[in-house]
Structure formats: structure tokens, C-alpha cells
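Residue 0 is where the sequence shown starts when you use numbering that gives the first Met the number 0, and the numbers rise one by one after that.
As C-alpha cells, the structure follows; a few thoughts come after it.
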Amino acid sequence: MSGAIRIVRLRPEALAPHAGGLGQLEQAIRYPIGDGADHFTIDHGPHYHPFFSAMGDAHFLVALDGEQVVGTIAGVFKEVRRGERVARAVYMGDLKVASHLRGGKLATRILWRCLGELFEDRALWDWKFAYGAAMRGEKGDLKRSAKRFSPMHLARPAATLLLYFEPWQRLADLSTAGCPQPPDDDGVDLSTRATHGLADVVSTAGRKDLRLESSGQPWPLEHLVRGPAGWGPSHAHYLRTCGEQLGTRSPDAVACFALDARHHDHVRWLATRGFEHGAICTIYVVPRSTLTRNVPWFHLATSEI
0 MSGAIRIVRL
10 RPEALAPHAG
20 GLGQLEQAIR
30 YPIGDGADHF
40 TIDHGPHYHP
50 FFSAMGDAHF
60 LVALDGEQVV
70 GTIAGVFKEV
80 RRGERVARAV
90 YMGDLKVASH
100 LRGGKLATRI
110 LWRCLGELFE
120 DRALWDWKFA
130 YGAAMRGEKG
140 DLKRSAKRFS
150 PMHLARPAAT
160 LLLYFEPWQR
170 LADLSTAGCP
180 QPPDDDGVDL
190 STRATHGLAD
200 VVSTAGRKDL
210 RLESSGQPWP
220 LEHLVRGPAG
230 WGPSHAHYLR
240 TCGEQLGTRS
250 PDAVACFALD
260 ARHHDHVRWL
270 ATRGFEHGAI
280 CTIYVVPRST
290 LTRNVPWFHL
300 ATSEI
């Protein structure tokens, strides 16, 4: 170890020399499932970047101690939509620090460098807001552990997402009776490509696998990616359509989707059918315009969390 950690900004095509180190970094981080009966690690595949590149214009900060990868964060510039307004936002995610450096200053240093790049590089200036998604655990989410002078304190919570994990059979058998209509107000869709794309269901297999510790195999998640503008007549119609599709192509699939907790009528309707969320995610926003002011709901596809 040199002791002098440097942080470099890289595009996907320049990431190859560090892909192995990035993989080793994430394999050392374990996440609990449910009550801790099992754990998983995240595997972004041999090239690391495709999960991020699929979302938009991807950039990476990589912290190096000598040639060893000891930290990273990804930034992806992508199109978002609020009603008829289309804008550019930047997703900031997958902040990771080597275990022996956690609790130190490296994470804060990476985040400040990230914000510095966003504000100082004129080629990147057209973003309207930055956002990140943090999964909530028993002790809260990542922001809870932020240091006093961390730029995380610049971010405000903008939405709480409820994440559902269901066997496809339950969705395929779902009755659409009584399901509320999709909201017609102008929420923010952070996954515009997914909502208006060709696929109802997306797999991140090979790009982002949650590898179960008990079996060593990926959790067979299939993501229902469309936001309210892509639901059709109702959310139930969309869920059932996705369940039917999964039944013909992925018999072992677990369907995963998210709802903003402010969709109260949809959440209640699902609860009456026995559907309860299995995880909670908070969207944090660093605004640079009024686009995220007074937003009634956010949509973020689980394939992008």
C-alpha cells in the first residue's frame, strides 16, 4: 500500500484495468435478506459498467491506493420527465469503500470530488438535479452514517419507495377489479427509458446480480419497470400482464416492483389482495432547479436501484 490514495475519473471504456478490483471490492460487502437468514453480495459482472451504461451517460470515480481499488462511486446522466417536461438529471450511486477504510474520510472525500466534478466541468452543467437511492435497513439508510461535513447533508429526502417481491403466479392470477386508475398528476419519472421502452419486464442478469450466500446463485429477480404513464388502464392490468409474461419465459422468477408510498390508494388496494412491501428505499435529491419542488410522486424502476 502506498498510503497516498488518489481518485480518478473514468469513462466506461477506460474502466477495464480496474474491473477486477471493483469486483473484489463489492464481493467483500454482504447485505442481509429479511431477518438475516441469508445474505447476498452484489455482482456487476466482469466489465462492471454495463449496468450503469444501460441507464445513460456513465462516469466513474475510482479511489486507488497504489493500483488497488479501495473505493468508487458511479454517476449516470439520464433523461427524466415531469409531466410533459423533459430534463437531464444525474444519478449518483453504488458508493463503496474498502472495509479497512470504512468509518474514515474516504467516502466523504469521494462525494466531495463527485460534486466538484458536477459543478466545475462545464460539459456536465446541464443537469437539473442529482439523486440517489438508499435502501433502508434496521438502523436506517446510508445517510444516517454520514459524517458531519459530508455532502450527503446537502441532499433532502424526496420520496419513500415501497418495494414488492412476489412470485409471478400471484401476479398472473390477479383480478383487476376495483384497482384505482393511474395518477394523472405530474410526478417525476426517473426511469423514462424504462417506462416508455419496449419491455414490460427487465432482467439485470449479468449486469447486476444479487448473489445469494447460501447457494452462490443469483436471486432470480425480474423487474417490472414501467411508471404510471406506462401502466395502461390500471396498475393491476400492468402487474397481471407482467405475471403472464413471466409465466411463459421465467418459471422461477420473483417479480420486483416499486411504488411511491404516496400512492395511498394503490398501496391500500394491493394490501387488500395480500400484497405487502418487503423493503423500503428512500430517494434523496440535490436540487439545482424547481423541477423537484412540490412533486406528488416519484417513479424509479427497481432495475435501476
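Glycine included, each C-beta is placed from N, C-alpha and C at the ideal position.
Buried/exposed call for residue i, threshold 16 Cβ in 10 Å
i: Tyr130; result: buried
i: Pro156; result: exposed
i: Phe50; result: buried
i: Tyr47; result: buried
i: His265; result: buried
Same chain, Cβ closer than 6 Å to residue i, neighbours up to 5 away in sequence not counted
i: Val89; result: Gly74, Phe76, Trp126, Ala129
i: Ser302; result: Val201, Thr203, His222, Val224
Option nearest residue i by Cα separation, candidates the options
i: Leu160; options: Leu220, Gly55, Ala257, Gln23; result: Ala257
i: Asp208; options: Leu220, Ala158, Ser98; result: Leu220
i: Met134; options: Ile279, Gly19, Val285; result: Ile279
i: Arg112; options: Arg101, Met151, Ala176, Arg80; result: Met151
i: Ala282; options: Val294, His276, Arg272, Thr271; result: Rather than Ala, the amino acid found at residue 282 in this sequence is Ile. Closest by alpha carbon: Val294.
i: His195; options: Gly229, Gln216, Cys255; result: Gly229
Sequence-distant residues of the same chain with beta carbon closer than 7 Å to residue i, five excluded per side
i: Gly92; result: Ala73, Gly131, Ala132
Contact under 9 Å by Cβ, residue i with residue j
i: Val96; j: Val7; result: no
i: Trp323; j: Arg261; result: Because the chain here runs from 0 to 304, residue 323 falls outside it and cannot be looked at.
i: Leu94; j: Ala106; result: yes
i: Phe59; j: Pro11; result: yes
i: Thr240; j: Asp185; result: no
i: Thr191; j: Glu83; result: no
i: Cys178; j: Ala235; result: yes
i: Asp56; j: Ala3; result: no
i: Ala171; j: Gly242; result: yes
i: Leu110; j: Arg272; result: no
i: Val68; j: Leu100; result: no
8 Å contact criterion, which residue i and residue j should meet: CB distance rounded
i: Val187; j: Thr289; result: That belief does not hold up - the Cβ atoms of Val187 and Thr289 are roughly 12 Å apart, past 8 Å.
i: Pro182; j: Pro227; result: 5 Å
i: Leu189; j: Leu299; result: 5 Å
i: Leu24; j: Thr71; result: 7 Å
i: Val285; j: Ala154; result: 5 Å
i: Tyr30; j: His43; result: Their Cβ separation, rounded to whole angstroms, is 14 Å, which puts Tyr30 and His43 out of contact at 8 Å.
i: Ala53; j: Arg206; result: 7 Å
Cβ-based neighbour list, residue i, same chain, cut-off 8 Å, excluding 5 preceding and 5 following
i: Phe274; result: Tyr163, Glu165, Arg169
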